[in-house]
Amino acid sequence: AQKITQTQPGMFVQEKEAVTLDCTYDTSDQSYGLFWYKQPSSGEMIFLIYQGSYDEQNATEGRYSLNFQKARKSANLVISASQLGDSAMYFCAMRGNTGGFKTIFGAGTRLFVKA
Amino acid sequence: DAGITQSPRYKITETGRQVTLMCHQTWSHSYMFWYRQDLGHGLRLIYYSAAADITDKGEVPDGYVVSRSKTENFPLTLESATRSQTSVYFCASSVRDSTNEKLFFGSGTQLSVL
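As given, the protein sequences belong to chains G and U, one line each in that order.
Under our numbering, the first residue of the first sequence carries the number 1, and numbering increases by one thereafter.
Under our numbering, the first residue of the second sequence carries the number 1001, and numbering increases by one thereafter.
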């Protein structure tokens, strides 16, 4: 069975500082994908970053990087140089490789960026 | 504009009524998903589909029915709505290539069951 865990319900970070949002996962699939999505107060789901389980390099997209530690089954999101507009809910998700690409989400972390 | 469209955007219904939420995508993506998001919570997978006529249960399928007769459409039906099904419903489709993968989400349907 697949499981995604985000243990930080809320986080505060000072503007311009870096912040790490934690995500751990569990799966018996050998091949899988990991995602991070941002949900601002408007409610839309915004794709941030993707990491494949066989990718040896950590994924990066602008100020976002995914710290992938396969042995520890963790896929933490690092946001560098936080901006006020980064205040939002952040969701970690995992796509398995059996049964039609089932994709599940964690409970989310609400990030507050302080000026 | 091409994309993934959900309708209606808002829906109010009464307990016991049947409700269908529509989802249409213009990309011909194979994989499609339905999620519900309750206030202050994450997204929970209701049903997903790998292709037309192939659907499977997700984490919380009870009380819901889906169909996928055409690749581009993936309607979700609440057969007899209950108050616990008050939620925001998101439809998504996914695309995957050798190096990247992404879910595209609709704008959501806010459903209230009175």
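The beta carbon of each residue, even a glycine, is placed where N, CA and C say it ideally should be.
Quick caveat, the model's predicted, so the values are computed rather than measured.
Straight-line spacing of the CA atoms in residue 57 (chain G) and residue 95 (chain G) works out to 19 Å. The C-beta distance from residue 1095 (chain U) to residue 1029 (chain U) rounds to 5 Å, short enough to meet the 8 Å contact threshold.
Your pair residue 109 (chain G) and residue 40 (chain G) does not check out as a contact, with CB atoms roughly 14 Å apart and the cut at 8 Å. Of all C-beta pairs linking the region 1007 to 1018 of chain U to the region 53 to 71 of chain G, fewer than three are shorter than 8 Å, placing the two stretches out of contact. For residue 1006 (chain U), the closest C-alpha among the options U:1057, U:1102 and U:1076 is that of U:1076.
Per the coordinates, the alpha-carbon of residue 45 (chain G) lies some 22 Å from the alpha-carbon of residue 81 (chain G). Scanning its chain for C-beta atoms nearer than 6 Å, with the 5 sequence neighbours on each side dropped, one finds around residue 1032 (chain U) the residues 1049, 1074 and 1093, in chain order. Excluding sequence positions up to five before and after residue 31 (chain G), its CB lies within less than 7 Å of the CB of 53, 54 and 97, all in the same chain and listed in chain order. Comparing C-alpha distances from residue 1112 (chain U) to each of U:1103, U:1102 and U:1087 shows the shortest one belongs to U:1087.
Beta bridge pairing from DSSP links residue 64 (chain G) with G:61 and G:79. The contact set of residue 1105 (chain U) on chain G, defined by CB atoms closer than 9 Å, consists of 37, 44, 45, 46 and 47 in chain order.
Boundaries for residue 16 (chain G): no beta strand (DSSP E) harbours it, and the DSSP string shows neither H nor E there. An exposed status is given to residue 70 (chain G), since fewer than 16 other beta-carbon atoms sit within 10 Å of its beta-carbon. Legend: CB atoms of the region 84 to 96 of chain G lying less than 8 Å from CB atoms of chain U belong to residues 91, 93 and 95. For residue 1052 (chain U), no beta strand (DSSP E) encloses it, and the DSSP letter there is neither H nor E. Chain G has a Cβ within less than 9 Å of the Cβ of residue 1100 (chain U). In chain G, no part has a C-beta under 9 Å from the C-beta of residue 1063 (chain U); the shortest such distance is about 19 Å.
Here the alpha carbons of residue 65 (chain G) and residue 92 (chain G) stand approximately 13 Å from one another. For residue 26 (chain G), the uninterrupted beta strand (DSSP E) segment begins and ends at 24 to 26.
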